[in-house]
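Heads up: the structure comes next, in structure tokens.
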Amino acid sequence: MKKCPKCKELKEVSEFYKSKSTKDGLRTWCKVCNAKYNQEYKKSDKWKEYNRNYKYNRTHNDIDFYVLLNVRSRLYFSIKNKKKENTTIELLGCSIKYLKQYLESQFQPNMT
Ligand SMILES: [Zn+2]
1 MKKCPKCKEL KEVSEFYKSK STKDGLRTWC KVCNAKYNQE YKKSDKWKEY
51 NRNYKYNRTH NDIDFYVLLN VRSRLYFSIK NKKKENTTIE LLGCSIKYLK
101 QYLESQFQPN MT
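What follows is the structure, given as structure tokens:
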């Protein structure tokens with residue numbers, strides 16, 4: 001038996017999740033309290049913040065997103081500088097391939 005300091009109830013060991021970081025190999029709080037805590041946590045700003053950061057990181061690790069951003073800014077400059085239409089097509093066609101290769105080489109982790 002183990003006492004949960006959260007709900008102050010004496011519960012069976014099976015009512016606690018296992019944990020590697022505690023002495024007895026069990027979580028401090030019982031399953032019920034953990035579930036309650038998680039529910040509250042998902043309503044909190046901290047969780048929303050975490051979610052926002054997660055989405056942000058995912059978008060910014062996406063190579064295609066980077067390519068799009070790069071092409072967009074290049075297009076913007078080419079339009080701004082009133083360059084020939086050929087340049088725009090080239091930017092969308094050939095350069096996106098090169099750009100992607102370049103970006104992929106930057107993002108690839110060292111596999112060796
Ligand atoms: Zn509890």
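Everything in the sequence shown is counted per the working numbering, starting at 1 for the first residue and increasing by one. Where is the CB? At the ideal position from N, CA and C, for every residue including glycine.
List the endpoints of the continuous beta strand (DSSP E) containing residue i.
i	result
lysine 18	16-18
threonine 28	26-30
Residues bridged to residue i by DSSP?
i	result
lysine 2	Lys11
Quick one: using the 10 Å Cβ neighbour count with 16 as the cut-off for buried, is residue i buried or exposed?
i	result
cysteine 33	buried
cysteine 7	exposed
Task: Given 8 Å, three or more beta-carbon pairs between the stretch 35-42 and the stretch 9-26 - done: With a cut-off of 8 Å on Cβ pairs, the stretch 35-42 is not in contact with the stretch 9-26, counting fewer than three such pairs.
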